[in-house]
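Novice:
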Amino acid sequence: MTGIKSSLAILLLSFITKALQLQYVDSCPSDSLFLFEFRAVRMLFGHIHRRNVRTGRIVQDKPEWKVTVINNCTCAQSGIKLKCAGFQSTEPVDPSMFAKQGDRCLLNSGKALAPHGSVSFSYAWNPPFLLWPAESVSAGC
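Per mature numbering (1 follows the signal peptide of the UniProt record, and there is no 0), the sequence shown runs over residues -21 to -1, 1 to 120.
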């Protein structure tokens, strides 16, 4: 009986994996935005890759972090928002690059990010914030 359950679980995971691959290739969802926040650890979750390394600067006793968001889709993405509940920084963050709007932060003033394009900003805080892509609109496809 456990052999059948294991086989069914593997089959189900196979179908889910295929469906996710098709969705990723065909529709370029917002999770096709790759987020790199530089620190010493690399984490992989779905289509979001995160690498965290400090820049080496210290601002008001807090380490500085550089965040780069890359549009890994063949379509432009606009209105990109990141989950940023509780975000703080001891150094000013350019609001045209990263503007806090409640628990979401608008990236690049909502302007389209070209296919395979990227934008970056820096902030200083400890510990670093987990800034996950929350939403975006596929444009021009």
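All C-beta atoms, glycine included, are put in the ideal place defined by N, C-alpha and C.
#1: Using only the alpha-carbon positions, how far apart do residue -1 and residue 82 sit?
#2: Thinking C-alpha only, which one of 33, 35 and 104 is nearest residue 70?
#3: Look at residue 94 and residue 55 and say whether their C-beta atoms are less than 8 Å apart.
#4: Helix, strand or coil: which one does DSSP assign to residue 28?
#5: So for residue 112, helix, strand or coil by DSSP?
#6: Tell me the residue span of the beta strand (DSSP E) that contains residue 62.
#7: When you compare only the Cα positions, how much space is there between residue -8 and residue 73?
#8: Assuming residue 99 contacts residue 41 under a Cβ cut-off of 8 Å, what Cβ separation, rounded to an integer in Å, is found between them?
#9: Buried or exposed for residue 59, going by 16 or more other Cβ atoms inside 10 Å?
#10: In whole angstroms, what is the alpha-carbon distance linking residue 117 and residue 57?
#11: Quick one: give me the first and last residue of the beta strand (DSSP E) that residue 44 is part of.
Specialist: From the atom records:
#1: With a pLDDT of only 34 at residue -1, under the threshold of 50, the placement of this residue in the model should not be trusted, and no figure is reported.
#2: The shortest Cα separation from residue 70 among 33, 35 and 104 belongs to 104.
#3: Closer than 8 Å, so yes.
#4: Annotation note: pLDDT 37 at residue 28 (below 50); position unreliable, no value reported.
#5: The answer is strand: DSSP assigns residue 112 an E or B state.
#6: Its beta strand (DSSP E) spans residues 55 to 62.
#7: Since pLDDT at residue -8 reaches only 46, below the 50 mark, its modelled position is unreliable, and no value is offered.
#8: Contact check for residue 99 and residue 41: beta-carbon distance about 18 Å, past the 8 Å limit, so the pair fails to qualify.
#9: With 16 or more other Cβ atoms within 10 Å, it is buried.
#10: Inter-residue distance for residue 117 and residue 57 is about 7 Å (C-alpha atoms, whole angstroms).
#11: Per DSSP, the continuous beta strand (DSSP E) segment holding residue 44 begins and ends at 41 to 50.
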